[in-house]
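Each residue of the sequence shown is one higher than the last, beginning at 17 in our numbering. Have a look at the structure below before the remarks.
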Amino acid sequence: MGTTPDPVFTVAANVERETNSYADYRSVRSIVFSRGGDKVYVGGQFSKVNGSTRCGIAALDASNGSLLPDLPNLGIDIVNSISLSGHLLFLGGNEIMTVGANVYNMAAVDLNNGGFTAWTPNLKTSKFEEVKKMALIG
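This is the structure in structure tokens:
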């Protein structure tokens with residue numbers, strides 16, 4: 017008979033969501049590895065990772081799952097999809113909060129400084145629309 021193959025990748029991280037009025041969801045919806053494979057960026061619907069406040073997006077050490085300071089708590093609601101291009105992390109989801117402004121559906125984070133870029137396509141046309149998947153070409 018065969019043997020069970022080793023998992024390709026395992027990261028132990030505790031993802032939580034504080035109880036609120038609409039539900040207590042906690043999920044990871046998208047995972048992207050850094051080019052070198054030493055970091056893992058996770059997006060989803062959560063408010064804490066390993067006990068620290070991180071809403072919707074977090075950076076983890078790929079070797080042990082510890083939370084990295086690369087992405088501060090950006091106050092994002094839900095991230096369904098993430099894509100990485102160089103030092104830019106593109107986020108697709110629901111309403112995304114940037115400093116003092118609402119950006120709908122898509123945003124980009126500069127991994128050099130952990131902040132949002134000026135790229136804000138503002139795709140919202142309806143209260144319930146959101147980006148579920150995206151792909152970078154080129």
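Glycine residues also receive a C-beta, built at the ideal position from the N, C-alpha and C atoms. Since we're looking at a predicted model, the values are computed, not measured.
In three-state terms, what does DSSP make of residue i?
i: Leu-83; result: strand
i: Ser-99; result: strand
i: Ile-47; result: strand
i: Ser-63; result: coil
i: Thr-69; result: strand
i: Met-122; result: strand
i: Val-147; result: coil
i: Asn-89; result: coil
i: Leu-127; result: coil
i: Gly-53; result: coil
i: Leu-152; result: coil
i: Leu-139; result: coil
Between which two residues does the beta strand (DSSP E) containing residue i stretch?
i: Ala-74; result: 73 to 77
Considering only residues of the same chain and omitting the five flanking positions on each side of residue i, which have a CB-CB separation below 7 Å?
i: Val-48; result: Tyr-57, Ile-98, Ser-99 and Leu-100
i: Lys-148; result: Asn-96 and Ser-97
Here's a check: name, in chain order, each residue in its chain whose Cβ is nearer than 6 Å to the Cβ of residue i, leaving out the five neighbours to either side.
i: Ala-106; result: First, the amino acid is wrong: residue 106 is Phe here, not Ala. Counting only Cβ-Cβ distances below 6 Å, and skipping sequence neighbours, we find Ser-99 and Ala-124.
i: Leu-152; result: Ser-99 and Ser-101
To which residues of the same chain is residue i closer than 8 Å at the C-beta, ignoring the five residues directly before and after it?
i: Val-44; result: Val-31, Val-58, Gly-59, Gly-60 and Phe-62
i: Asp-54; result: Asp-77, Ala-78 and Ser-79
i: Met-150; result: Ser-97, Ser-99, Phe-106, Gly-108 and Met-122
i: Leu-139; result: Tyr-120, Asn-121, Met-122, Glu-145 and Val-147
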